[in-house]
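Report on one structure; see the data block that follows.
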Amino acid sequence: MSDTSTATDAPAARRSFWQALDLDTRLLGMIGAFVLVALVFNVLTDGRFLTPRNIFNLTIQTVSVAIMATGMVFVIVTRHIDLSVGALLATCTAVMAMTQTSFLPNVLGLELGHPMIPWITMLVGLVTGAIIGGFQGYLIGYQAIPAFIVTLGGLLIWRNVAWHLTDGQTIGPLNETYMLLGGINGTLGVFWSWALGLAAAVAAAVGLMSARRTKVSHGFPVKPLWAEGAIIAIVVAAILGFVAILNAYAVPERVVARDFERWGCDAAEGCTAAYGIPYSVLLLIAVAIIMTVIAQRTRLGRYIFATGGNPDAAELSGVNTKLLTVKIFAMVGMLCALGGIVASARLGYHTNDIGVLDELRVIAAAVIGGTALSGGIGTIYGAIFGALIMQSLQSGMAMVGVDAPYQNIVVGLVLVLAVWIDIQYRKLTGAK
607 MSDTSTATDA
617 PAARRSFWQA
627 LDLDTRLLGM
637 IGAFVLVALV
647 FNVLTDGRFL
657 TPRNIFNLTI
667 QTVSVAIMAT
677 GMVFVIVTRH
687 IDLSVGALLA
697 TCTAVMAMTQ
707 TSFLPNVLGL
717 ELGHPMIPWI
727 TMLVGLVTGA
737 IIGGFQGYLI
747 GYQAIPAFIV
757 TLGGLLIWRN
767 VAWHLTDGQT
777 IGPLNETYML
787 LGGINGTLGV
797 FWSWALGLAA
807 AVAAAVGLMS
817 ARRTKVSHGF
827 PVKPLWAEGA
837 IIAIVVAAIL
847 GFVAILNAYA
857 VPERVVARDF
867 ERWGCDAAEG
877 CTAAYGIPYS
887 VLLLIAVAII
897 MTVIAQRTRL
907 GRYIFATGGN
917 PDAAELSGVN
927 TKLLTVKIFA
937 MVGMLCALGG
947 IVASARLGYH
957 TNDIGVLDEL
967 RVIAAAVIGG
977 TALSGGIGTI
987 YGAIFGALIM
997 QSLQSGMAMV
1007 GVDAPYQNIV
1017 VGLVLVLAVW
1027 IDIQYRKLTG
1037 AK
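Following this line, the structure appears as structure tokens:
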């Protein structure tokens, strides 16, 4: 009798343990998928995939697509699609490249090294992206042209507008300050990376405990204190672990020797330094926080998810869905400009093929991250994880030696598989 009781109590204890933690199963699934991909490629590359250098490169390569994917979440949540993001990125980077290498020096007399050039350039790019995105949103919202058609046309139009603006040429080199947002050219270094990491860990712990107190004060159910503590420990460990990995990527001696003062050394001999957190990653974190706040804490976010859940009901309740569409696509246009800043800064040039196929990567990142094509469901962190999984697949296959066409085949299969898994998950959980 006691043996039977023990056997039946064990699964119940495990269930109660996971129920107490109340973890997001979608997030766990994405983390599990990323870990599996990383371990498989680490074995196939004889341990080269999970080195600090490769993780650093993987991080900065993910940023551009991840930034745009956060905006694509809002587009798909409202039951639209945007096929033009890669082409719009190209137009924005072409405008920004011409602004800093041609317009500002020749018209306003500002030299390429002038301190105002990067800020004027980025402002011009953001305004360009917002205008183009808003115009596409106007055609979709007020003229009732399907988003698929408008953005498919935009894919063809803006890709070739970018080519026309630059006559198909590579434009550069770009401003040095501007290029700090590209990744390896601009990083915090070890000390400030640790300082930021510790501050972020403390903020995360305080935020989680504050949220718990708020729930308690309003009479909402909360996790057991031990479960809350476990989650805080996991979050803090993840933040500090990420910082430790990036700080472990040492700057090559030849790079330190070029400018040892930049790395805080008195001489090149014996100077050791590490890159730390790239500025582009800080930009992605800032975008993720802002987009999450919009999604969860603002009227605009509530309107977006309400419209995606039931457009007719949202409109009857007073939501101006047409204007909402304009706002969403204008927002995506600005995020394309931000993604373009990171992409062109990382290259140091505007190239004719910048952003090619990014529209497919961005859509795939959002869908793999759990954004439902039927609308109404999606998360910002999910899209970022989706972008990371996508980039991990492509980087891993490149390291293994898989040709580009086969890489795209795998990405296509993963996208279809992700949608199929999402459909099965909804059937099992009863979610719509």
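To convert, count from 1 in the sequence shown and add 606; that's this note's numbering. Backbone N, C-alpha and C define an ideal beta-carbon position, used for all residues, glycine too.
Hey, out of the options, whose CA is closest to residue i's CA?
i	options	result
F1066	V973, L890, A768 and A856	No answer is possible for residue 1066: it lies beyond the span of the chain, which begins at 607 and ends at 1038.
L761	G692, A833 and H824	G692
M704	L1019, C942 and Y955	Y955
C877	L890, R860, G847 and T684	R860
L694	M940, A801, G788 and L794	M940
E875	P858, L890 and L944	P858
A892	M636, T734, Y987 and F709	Y987
R685	G638, G759, I910 and T631	I910
I845	T631, G759 and V887	V887
G992	N1014, V1008 and V1020	V1020
G1018	R905, Q1030, G981 and L966	L966
I883	L664, L944 and T913	L664
V733	I947, L999, I990 and V1016	I947
V683	K1033, G982 and A912	G982
T727	I737, G715 and F709	F709
G735	H770, M674, T707 and Q749	M674
A901	I934, S980 and A856	I934
R659	F848, V643 and L1034	F848
G803	T676, A843, F662 and L999	A843
M897	T676, T651 and T631	T676
I637	D1009, S1001 and I990	I990
Express the C-alpha separation of residue j and residue i in angstroms, rounding to a whole number.
i	j	result
V713	G739	27 Å
E782	I969	32 Å
T772	R654	39 Å
M1003	M678	25 Å
P1011	L953	23 Å
W1005	V671	Trp is not the amino acid found at residue 1005; the sequence shown has Met there. Rounded to the nearest angstrom, the two C-alpha atoms are 20 Å apart.
L1039	L1023	No statement about residue 1039 is possible, as the shown extent of the chain runs from 607 to 1038 and does not include it.
P711	I777	14 Å
R908	V899	11 Å
G774	N958	6 Å
L633	A639	10 Å
A850	W798	12 Å
V1025	T985	15 Å
L906	I1015	37 Å
G961	V862	32 Å
G788	G945	10 Å
P724	G914	37 Å
S690	A810	36 Å
L758	I790	34 Å
L994	L645	14 Å
G976	W800	32 Å
V641	Q667	18 Å
I895	G924	28 Å
T927	V1008	45 Å
Put residue i into one of helix, strand or coil per three-state DSSP.
i	result
P884	strand
T793	strand
A972	helix
A856	strand
H770	helix
I777	strand
A613	Because the pLDDT of A613 is 48, which lies under 50, any placement of that residue in the model is unreliable, and the number read from its coordinates should be weighed accordingly. In the structure shown, A613 sits in a helix (DSSP, three-state: H, G or I).
S608	Low local confidence applies: a pLDDT of 49 at S608 is under 50, so the model's placement there is unreliable, with the coordinate-based value given in what follows. S608 falls in the helix class under three-state DSSP.
L1034	helix
G1018	helix
Suppose the cutoff is 8 Å on Cβ atoms and the five residues either side in sequence are ignored; what does the same chain contact list for residue i look like?
i	result
L745	I751 and V756
T814	Reading off the sequence, residue 814 comes out as Leu, not Thr. Once the five neighbours on either side are set aside, the close Cβ partners of L814 are E834, I837, I838 and V841.
L963	G692 and N1014
M607	Unreliable positioning characterises M607 in this predicted model, as indicated by a pLDDT of 45, which lies under 50. A coordinate reading is not provided.
T707	L718, I777, G778 and L780
Looking only at its own chain, which residues have a Cβ that is under 6 Å from the Cβ of residue i, when we skip the five neighbours before and after it?
i	result
A768	A696, T697 and A700
T931	G743, I746 and G747
D918	none
Y885	L786, L787 and G792
Once you ignore the five residues that flank residue i on each side, which residues in its own chain have a CB closer than 7 Å to its CB?
i	result
T614	Any reading at T614 needs caution, since the residue's pLDDT is 49, under 50, leaving its predicted position unreliable; the model's value is listed next. The answer is none, since no qualifying residue turns up.
V822	V828
A978	G984 and D1028
G731	C698, V701, M702, A943, G946 and I947
R818	V828 and E834
Q1030	none
F662	L852, Y855 and Y881
Touching or not, the stretch 709–728 and the stretch 777–797, by the rule of three or more beta carbon pairs under 8 Å? yes
Could you tell me whether the stretch 891–909 touches the stretch 785–796, using the rule of 3 or more Cβ pairs below 8 Å? no
Is it the case that the stretch 723–743 contacts the stretch 926–946, given that we only count it when at least three CB pairs across the two stretches are under 8 Å? yes
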